[in-house]
Amino acid sequence: VGQLREGVTATDLTLTITQLLRQKGVVGKFVEFCGTGLSQISLPDRATIANMAPDYGATMGFFPVDEESLRYLRLTGRPEALVRLVERYCKEQGLFRSDATPEPEFSDVLELDLSQVEPSLAGPKRPQDRVPLVQLSRSFYQVLRAPVEQRGYGLSEAALERGRAGNDGIGHGNVVLAAITSCTNTSNPSVMLAAGLLAKKAVERGLRTPAYVKTSLAPGSRVVSEYLDKAGLTPYLEQLGFYTVGYGCTTCVGNSGPLPEEVANAIAERELVTVAVLSGNRNFEGRIHPAVKANYLASPPLVVAYALAGRVDIDLSSEPLGRDPAGQPVYLRDIWPSHAEIATLMERVLSPEDFRKTYARIEHDNPLWNALPVPEGTVYEWDAGSTYIQEPPFFTAVTREVPPISPIFGARVLVKAGDSVTTDHISPAGSIPVHSPAGQYLIQMGVPPAEFNSYGARRGNDRVMTRGTFANVRFKNQLAPGREGGWTTHLPSGEVMTIYDAAQRYKSEGTPLLVLAGKEYGTGSSRDWAAKGVFLLGVRAVLAESFERIHRSNLVGMGVLPLQFKAGQSAETFNLSGHEIYDIHLDDTLQPQQTIRVDVRDADTGSVRSIEMICRIDTPVEVAYYRHGGILPMVLRNLLAAQ
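Counted the way our numbering counts, the sequence shown spans residues 5 to 647.
Structure (structure tokens):
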């Protein structure tokens, strides 16, 4: 209900909705947005909200088709016949909404008053942890001191003192990355033009970004670049360092590139908690940059504002962003564009013809890509020397006959983790550290560190990706206390080693592996390698308090068994340390969501306890996937059977 206040953006609304729905709990739910306030929300703003569905946990978030949908189709150059077809079809199917349409019956309804939404950021570790703009400074100081278990940084007084800004101007809370990036925000003209207008006004007042802030702009499409050019805003963004670095996944997925050497050295030497502010939709630990510990999501104009301020320990509602050449303070309110300014500019620079022109030449705009040689033939010829694409071992053990479902006996725990383990923790997409197992593999293959690229770029090479599983630099495995990164303790030897090396040792010993975890296991991106990687490490089952929907499905698709503790129970309930030996009782009668007995044997005393867990194979077709050892073996067997 209601409408957004002046100065509030679609991003602020989206972060508010993400917090609200995470608190409600909508995993596995369809979320439809309804109510009188819909008419106040543009289609690009709706897309921004819907695009955060994985981050608020829903199966999907969607809006009904209405006049705004048709207006957007026309704006983006769709043929009028198509627009009329969409309208007619949706009306005939009862899918078209107007203010006179009765509300559908829902299982549950939450109400959000749009007039109560306020400028916000989210962070520093999760997208649902919204912080009002006016509280960010205070919140940041609190999170510096808060224990790690409470999603803080647990800094001592000595560490806080060490982090005060030095001669280089860098200390705790300084913004070292400011990125207008991600599919969620950079295709939304209202916030992109707002960022450009704010940059223009800042430059006109003589403001500049501090030298230690690395800035970048990754538009959602070439159309965005064109309307920023048409509006005359690109030069102002560039004067503040927001040059276009490309189109696609950049800083939001960890592809920010290195920090300036002096900045990186200052962070490392003084163990600083520095900050990235970005207009992305995910800010999980270690995702944005391995050296940057605090990451805040914000609207594109707020990204520009914090780049100018150079720090987050500032109340932008009452403290100046900086001073103009005359020494006069410049406040955020002085340069923040009004809704009317943005709307007027949108009307001037957005036209159907712009979209039609850009779409028409889409295949000719990247000659380098078009010039790449493409292999021909029906069968791909694997190159044994390639460090980008290798033949994966997913089919090496597949037999023609479907094996019976069998128990998992004598399993050891490879990883024991807490709540909110993300797919970024499990399978990072960003830079590859030199001393990581993946980095060492690339060096052995003759790849210099400057050419490592990223995990995401090398996801066609299982040798890299398996070594990168659980290798997030901020991952905390309780079997390697006091360490961050991909470490574990091999059992029963007690040796601390990398998770990859331990997995290889367990494999040579014939020991199946498990993961123990808390709530919301697998939250975040739908990253298939988070399931493929654990499978290739030899993990046969994941025991958790709850699973994020997409990752649970991906685990089953790789033949990894998801087991869920019963309500009110957890690894802590049963005092599971991860040092035990586990037997999981399965057979060929497996049914969706049946109760499974897990026997836990104390490795020292031999005493056995039994735990009843819920099998989170949820449907008959998923039982079939698991029976085959995953979707890929099932597809292969079906193809062979059809021949």
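Note that the Cβ used here is the ideal one computed from N, Cα and C, for glycine as well.
Source: prediction; values computed, not measured.
Which residues bound the alpha helix (DSSP H) around F359?
P356 to A364
Which residue from T400, F37 and Y586 puts its Cα closest to that of E109?
F37
Applying the 10 Å Cβ sphere with the 16-neighbour rule, what's the burial state of S220?
buried
Give the DSSP-derived three-state secondary structure of F66 in the structure shown.
strand
If you measure between the beta carbons of N189 and P371, is that distance less than 8 Å?
no
Measure the beta-carbon distance from L325 to L211 and round it to whole angstroms, keeping in mind my assumption that it falls under 8 Å.
6 Å
Simplified DSSP state of P411, which is helix, strand or coil:
coil
My understanding is that P546 touches A506, with C-beta atoms under 8 Å, so please give their C-beta distance in whole angstroms.
Here the sequence assigns Val to residue 546, which means Pro is not the residue at that position. Not really, about 17 Å apart at Cβ, beyond 8 Å.
Status (buried if at least 16 other CB within 10 Å, exposed otherwise) for V625:
exposed
Residue burial classification, R88 (beta-carbon count within 10 angstroms, cutoff 16):
exposed
Do the region 441-456 and the region 94-105 meet, that is, are 3 or more Cβ pairs less than 8 Å apart?
no
Unbroken beta strand (DSSP E) runs of length 3 or more, entirely within the region 127-168: which are they?
134-136
From G158 to Q146, what distance separates their C-alpha atoms?
10 Å
Quick one: what's Y459 bridged to in DSSP?
Paired residue(s): none; Y459 is not in a bridge.
Residue nearest to S530 in terms of C-alpha spacing, selected from P396, R544, K420 and P58
P58
Give the single residue among L590, P437 and R404 whose Cα lies nearest to the Cα of A646.
R404
Nearest-angstrom Cβ-Cβ length linking L137 and G6, presumed shorter than 8 Å:
That pair is no contact at about 20 Å.
I648, DSSP secondary structure in three states
What the structure shows of the chain is the stretch from 5 to 647, and residue 648 is not part of that stretch, so it cannot be assessed.
Beta carbon of R134 nearer than 8 Å to that of Q23
yes
Can you grab the Cα-Cα spacing for the pair A660 / Y300, in whole Å?
No statement about residue 660 is possible, as the shown extent of the chain runs from 5 to 647 and does not include it.
Given V316, which residues of its chain have a CB within under 6 Å of its CB, disregarding the five upstream and five downstream residues?
L140, F144, G177 and V279
Cβ shell of G670 (< 6 Å), same chain only, five flanking positions each side left out:
The first residue shown for the chain is 5 and the last is 647, placing residue 670 beyond what the model contains.
Buried or exposed: which applies to R130, given that a residue is buried once 16 or more other Cβ atoms fall within 10 Å of its Cβ?
buried
Those residues which DSSP pairs with E616 across a bridge
R601
Taking the straight line between their C-alpha atoms, what separation do you get for Y76 and S321?
34 Å
Rounded to whole angstroms, what's the CA-CA distance from E488 to D172? Just pull it up for me.
28 Å
Straight-line CA distance for R168 to E265?
19 Å
Thinking C-alpha only, which one of F479, D532, F539 and D358 is nearest Q508?
F539
Is the separation between the beta-carbon of A364 and that of I588 shorter than 8 Å?
no
Taking DSSP's pairing of strands, which residues face I447 in a bridge?
According to DSSP, which records beta bridges pairwise, I447 is partnered with nothing at all.
Sheet register partners of L547 (DSSP bridge)
L520 and L567
M638 - containing alpha helix (DSSP H), residue span
I635 to A646
Using only CA atoms, which one of T20, A313, V406 and S260 lies nearest to L114?
T20
Reduced DSSP secondary structure (H/G/I, E/B, other) of E265
helix
Classify D606 as buried or exposed, calling it buried when 16 or more other Cβ atoms lie within 10 Å of its own Cβ.
exposed
Taking the alpha carbon of E345 as the point to measure from, which residue in S260, L518, P193 and E323 has its own alpha carbon closest?
P193
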